[in-house]
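There are 2 protein chains.
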Amino acid sequence: MEDKFVSERNLKFLLHEVLAAEDLSRLAHFQDHDRQDLDMMLNTALRISEEMLFPAFREMDQQTPKLDQGQVRVHPLAREFMRQSGEGGWIAATFSYDEGGLQIPTVLDTACQFVFMAANLAAAAYPGLTKGAAHLLLSYGSEELKQTYVPPMIAGEWQGTMALTEPQAGSSLSDLTVSAQPSEEGHYLISGQKIFISAGDHDGVDNVVHLMLARIKGAPAGVKGISLFVVPKLRPEGGGLLPNDLHTAGLFHKLGYRGCPIVQLSMGEAGDCRGWLLGKPNQGLSYMFQMMNEARISVGLQAAAVASGAYYASLKYALEREQGRPVESKDPNQPPVAIIRHPDVKRLLLFQRAVVEGSLALLMQVSLYADLAVHGGEQDKQRAAQLLDLLTPVAKSYPAEMGIASTSAGLQILGGYGYTEEFPLEQYFRDMRIHAIHEGTTGIQALDLLGRKVRLHGGRALEAFEQEVRSTMEAAEGVGELAGYAVDLGQALELLRRATTAKLSLMGQGRVAQALADACLYLEMFGLAAVAWQWLKQGVTAAQAVAKGITGGEAAFYQGKLATMRYFFHYELPKSQGLARRLLEDDALTVDLPPEYFAD
Amino acid sequence: MEDKFVSERNLKFLLHEVLAAEDLSRLAHFQDHDRQDLDMMLNTALRISEEMLFPAFREMDQQTPKLDQGQVRVHPLAREFMRQSGEGGWIAATFSYDEGGLQIPTVLDTACQFVFMAANLAAAAYPGLTKGAAHLLLSYGSEELKQTYVPPMIAGEWQGTMALTEPQAGSSLSDLTVSAQPSEEGHYLISGQKIFISAGDHDGVDNVVHLMLARIKGAPAGVKGISLFVVPKLRPEGGGLLPNDLHTAGLFHKLGYRGCPIVQLSMGEAGDCRGWLLGKPNQGLSYMFQMMNEARISVGLQAAAVASGAYYASLKYALEREQGRPVESKDPNQPPVAIIRHPDVKRLLLFQRAVVEGSLALLMQVSLYADLAVHGGEQDKQRAAQLLDLLTPVAKSYPAEMGIASTSAGLQILGGYGYTEEFPLEQYFRDMRIHAIHEGTTGIQALDLLGRKVRLHGGRALEAFEQEVRSTMEAAEGVGELAGYAVDLGQALELLRRATTAKLSLMGQGRVAQALADACLYLEMFGLAAVAWQWLKQGVTAAQAVAKGITGGEAAFYQGKLATMRYFFHYELPKSQGLARRLLEDDALTVDLPPEYFAD
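Here it is, written out as structure tokens:
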């Protein structure tokens, strides 16, 4: 088997056979993008990834960013890929023509980004972050700000970032303290510190543009007093770029994701760090949430992509490594077999594949909702927006959490070799661990889901989700062996509904802490149901293809899909039962427990 | 909170209150060791760990071993701690007086080793490996071999190792090819390669003694043709030490466990690597299994110890880091609270603590069986040996697998900081990942448990285990709130029995591959039942102490125990239900699946 990090066949299966993405070309906004056009773009992403990104995957981990006299120096691929992303139109791909973009559907962009990320997580982050920041500028910036900042960003010449976190606040955005003092010239003077800023400084670009949350002097306490600013490293002035009193105060050394620098920034040490307000004062958090929701889906995609790279590395090893004999014929005079012949190795591989392809299917599904929410017909729009809203924490967290377990399973397949730097599994294992943390930890996603999303619009988003699942169940009922799996999915959906009702009832009684204490378990259960739905949906498509009597490699592909679906229903979905057991209890263990009980 | 890596209070709780280890002093072999004596030794281990091992924990990870002109160079603590372990009698602590030991009970030795390992996994490995090798020499070596090798080993001057794995064979010991050619002088000429040899070469000792598996020329194929040899790096000859044609061919660079070198060895490149047969020809594997079983329990202990270090680092952070407010009173004008006040953080801490203390309890329980199996009364001996045999794969794998999840949870508590090298969680996360791999992967342990152990002695070991669990259930039934947990444990035991019967029935039908395909799930379910048993046992002791009306810090300790027990029963044990769902199916997915289905 050649080195591989994604399955082109699977991406096209999801794009065309499961989601029928080419149907989007019926919508005015996407009319230029027929199936051939979508495939061409995906093929280009694959080629760039194979030729440029994947070969530097290990090297970027080893040659980590350095802080050298206040300037972060990174691997030359950062500059090379930023330029390529600008020239090829990748950064602005989903933007409209008048914004300098290509009006590509998000669902296709998701497929292409997945390829880049799977080939080289760190390299893909630079243009990815820039795109998010540019999109925010386009959404809320004045004409002047847009004209100044967006063109060099989408050309890949300037880096964009998202600067939220502060040392004292962490996940608690209401405690942000970076301050903004209005000046008479219209800009604000920014001062304070930000931490954990991805790509927050590097020498692969000519400037760095931070989309930064700060508090205007006198603003209300908490999240209601947060505003959004553009704060560049170098400020455009008189046709040139001047230092903006924004310094890199530190570079974090990290477990993984090492090819992309994460920095600490210090603003206004000399009292002259200038920022420009985006949109209205004190509305910063709601603006930032647009970018954050995109970023959360992007983090889910990164996790699925790392899991994909790990899966193909494990599969290659399992196909090539000969060791041991089948348990039923252990004759030592017979030659050993490839370890993929051992059922336990197949189980581990199926687990990896179920996580990778189940996560990707869910992420492409929500990306399709993102397209419909903005460009769909009037009827579709609202429903798609609600589904996107509801599923965003799930599409972020399921891949992030299960990706940790699935890369660990992949490492296990290689045994002792998996623990060494001779094989890439140890890097995938390290790279994976960030996704459950950044852009909102799993705990934050869980509170968002159970504390906000399931109650939004009077619970209509959740109802819409249940309808989507049921329509897949109905399709499956007509397809021979799938009927039983439709029943299993129905039971999982019923457990989820019961858990939801139980928790909402606690909230109704004002027992909010108790209602939310096990939000992470609820999120996990929701993830199992959502991914089971995506697996059944893929199963229906595959079973229909098999029924047509396809043979050869294509038949093996569809049978592999069906086997992985079966794996998910037999090994993963039953975990809902243990979760339901807890979620349906009314027991306040973690709420009532006094911290003193942790002494000793 | 001061820096901490183990709980002295918990160790004494397990040793004295739960296991009543001082009762061992009624046995002739242990008569010199009363409670005071046991405590003195444990206190010494704690002091050495605090003063010598823990301060170098991070440094040994950063200053990794180097291969320099064929010699591995390691951190100076390796030499220092080997000497200390020799002088303090730690290496030979459990050996009999006439073997140069202290006749310490294994259960105490386990507690002390846990302390060393939690303080510094890598440093503790050097004497730990030496002890295992010395024990094997004492068990099967000739007088001459014992007198030559054991004294410098237990003095900490020579390193002992266990040299099994070969590049082409991995877990498949029947494919070992290192060869041994008899010579006329009585020794054998060894040639071939070994890989993944922990502490296989370093400059912290004056010699390295490998207990090595090899195949005598003409021996039968498979495991029946494997013999055990002593193969030193330098051979004692004429009062000096001569090179033995044994070379370090490579040093592995690893994800974690970096302070201890893992090497590749090459024997007999010049045709003069001499080895001495231990015991009889072709009996090597059964001899090695004595050491391997000890080593497996030791690996479980290492995993529990790393999880312990991680737990206390997370707990310290959670107590000191202030961030956010309770969900029911989010007033941003109120100061933030320590994150340990958030229920989700408490849940993560309880998970860590449940894994650490549940694993340690099980490991100390099997260590007590190890003492009774050798030195107990006639009635106890056989039963204890069977329980030890049965539980060894569980006591190795539960800590190894759940330790990955629990250190990951610990890292999560620190958020972004957990992912950086500023805090030790990232190291614990890396160090932890080895334990599910070495000394037999989790897959190998699962085959050992389901394929051999539950059937041994006509199933009597499993019956003895069920009796032990039931006697704890009976004790719990008399203790107020614990009665319900006894019922839960009974149900888990019943599920385990049903799964066992189902799998043994498949074996009886000759469907061995199908019976063993989900052995890892069976092992996981067994681990949940075994650790739930240990938690209920601790719960009974704690509830009895509380009932006596204890107050203050001691009361908080017992209440913390009870809370952690409740956590285990509410959050962990219910996972048995999902596992049972799969284990009770007769579905051959992973057996039948052809590798071709993984194409694409």
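Chains A and B, in that order, give the protein sequences. According to the working numbering, the residues represented by the first sequence are 5 to 604, in order. According to the working numbering, the residues represented by the second sequence are 5 to 604, in order. Cβ coordinates follow ideal geometry from the N, Cα and C atoms, glycine included.
Exercise for the section: Report the residue ranges of all alpha helix (DSSP H) runs contained in full by the segment 532–572 of chain B; include only those spanning at least 4 residues, in chain order. Expected result: As far as the segment 532–572 of chain B is concerned, its whole alpha helix (DSSP H) runs of at least 4 residues are 556–571.
Problem - Within chain B, partners of residue 350 (chain A) - CB distance below 7 Å - result: Simply 594 and 597.
Problem - Own chain partners of residue 152 (chain B) with C-beta closer than 6 Å, once the 5 adjacent residues on each side are dropped - result: 240
Problem - Residue from A:355, A:317 and A:298 whose Cα sits closest to the Cα of residue 367 (chain A) - result: A:298
Exercise for the section: Taking C-beta pairs closer than 9 Å, name the residues in chain B that residue 237 (chain A) reaches, listed in chain order. Expected result: Going along chain B, no residue has its Cβ under 9 Å from residue 237 (chain A), so there is no contact; the nearest lies around 21 Å.
Handout entry: Below-8 Å beta-carbon distance, residue 124 (chain A) vs any chain B residue
Key = Output row for residue 124 (chain A): interface = no.
Exercise for the section: Evaluate contact between the segment 175–195 of chain B and the segment 299–315 of chain B, counting only Cβ atoms and requiring at least three cross-stretch pairs below 8 Å. Expected result: no
Problem - DSSP three-state assignment for residue 70 (chain B), whether helix, strand or coil - result: strand
Problem - Sub-8 Å separation of residue 542 (chain A) and residue 565 (chain A) beta-carbons - result: Taking 8 Å as the Cβ cut-off, residue 542 (chain A) and residue 565 (chain A) qualify as a contacting pair.
Exercise for the section: Whole angstroms is fine: what's the gap from residue 171 (chain A)'s alpha carbon to residue 199 (chain A)'s? Expected result: One C-alpha to the other measures close to 6 Å.
Exercise for the section: Could you say if the segment 453–464 of chain B and the segment 309–324 of chain B meet the contact criterion of at least three C-beta pairs nearer than 8 Å? Expected result: As far as the Cβ criterion goes, the segment 453–464 of chain B does not touch the segment 309–324 of chain B, which means the pair count is below three.
Handout entry: For residue 113 (chain B) and residue 400 (chain B), the rounded distance between their alpha carbons
Key = 17 Å
Exercise for the section: Would you identify the three-state DSSP class for residue 240 (chain B), choosing helix, strand or coil? Expected result: In the structure shown, residue 240 (chain B) sits in a strand (DSSP, three-state: E or B).
Practice task
Please list, in chain order, all residues of the same chain as residue 8 (chain A) whose beta carbon is under 6 Å from its beta carbon, the five residues on each side excluded.
Solution key: Within the same chain, and ignoring the five residues on either side of residue 8 (chain A) in sequence, the residues whose Cβ sits closer than 6 Å to its Cβ are 316.
Exercise for the section: Check whether the Cβ atoms of residue 603 (chain B) and residue 560 (chain A) sit closer than 8 Å, and answer yes or no. Expected result: Yes; because the gap between Cβ atoms is below 8 Å, this pair is in contact.
Exercise for the section: Mind listing the chain B neighbours of residue 47 (chain A)? Cutoff is C-beta to C-beta under 8 Å, in chain order. Expected result: Per Cβ cutoff of 8 Å: no residues; residue 47 (chain A) is ~16 Å from chain B at best.
Handout entry: Residues of the segment 39–64 of chain A with Cβ closer than 8 Å to any Cβ of chain B, in chain order
Key = none
Practice task
Let me know if residue 404 (chain B) comes out buried or exposed under the rule of 16 or more other beta-carbons within 10 Å of its beta-carbon.
Solution key: buried
Problem - Sequence ranges, alpha helix (DSSP H) only - wholly within the segment 271–329 of chain B, length at least 4 - result: 288–324
Handout entry: Contact set between residue 345 (chain B) and chain A, taken where Cβ atoms lie within less than 9 Å
Key = 599
Practice task
Determine, using beta carbons only, whether residue 226 (chain B) comes closer than 8 Å to chain A.
Solution key: yes
Practice task
Name the residue from A:523, A:376, A:217 and A:553 whose alpha carbon lies nearest to the alpha carbon of residue 588 (chain A).
Solution key: The shortest C-alpha separation from residue 588 (chain A) is found at A:523.
Exercise for the section: Closer than 7 Å by beta-carbon distance: list the chain B residues that pair up with residue 424 (chain A), in chain order. Expected result: 256, 257 and 258
Problem - Assumed close pair residue 145 (chain B), residue 282 (chain B) - CB separation to whole angstroms, cut-off 8 Å - result: 6 Å
Practice task
Give, in chain order, every unbroken run of the alpha helix (DSSP H) that is at least 4 residues long and sits entirely within the segment 415–495 of chain B.
Solution key: Correct list: 429–436, 446–451 and 464–481.
Problem - Between the CA atoms of residue 271 (chain B) and residue 252 (chain B) - distance to the nearest angstrom - result: Answer to the nearest angstrom: the Cα atoms are 9 Å apart.
Practice task
To the nearest angstrom, report how far apart residue 536 (chain B) and residue 157 (chain B) are at their CA atoms.
Solution key: 39 Å
Practice task
Give a yes or no on whether the minimum CB-CB distance between residue 398 (chain B) and chain A is below 8 Å.
Solution key: no
Exercise for the section: Measure from the alpha carbon of residue 71 (chain B) to the alpha carbon of each residue in B:256, B:519, B:224 and B:568, then state which is nearest. Expected result: B:256
Handout entry: 8 Å Cβ cutoff met for residue 180 (chain A) and residue 230 (chain A)
Key = yes
Handout entry: Local Cβ density within 10 Å of residue 45 (chain A), reported as buried at 16 or more and exposed below that
Key = buried
Problem - residue 292 (chain A) beta carbon less than 8 Å from that of residue 372 (chain A) - result: No.
Exercise for the section: Say whether chain A places a C-beta atom closer than 8 Å to the C-beta of residue 151 (chain B). Expected result: no
Problem - Contact set between residue 579 (chain A) and chain B, taken where Cβ atoms lie within less than 8 Å - result: In chain order: 579 and 582.
Exercise for the section: Quick one: grab the DSSP three-state call for residue 140 (chain B). Expected result: helix
Problem - beta strand (DSSP E) segment containing residue 166 (chain A), residue limits - result: 162–167
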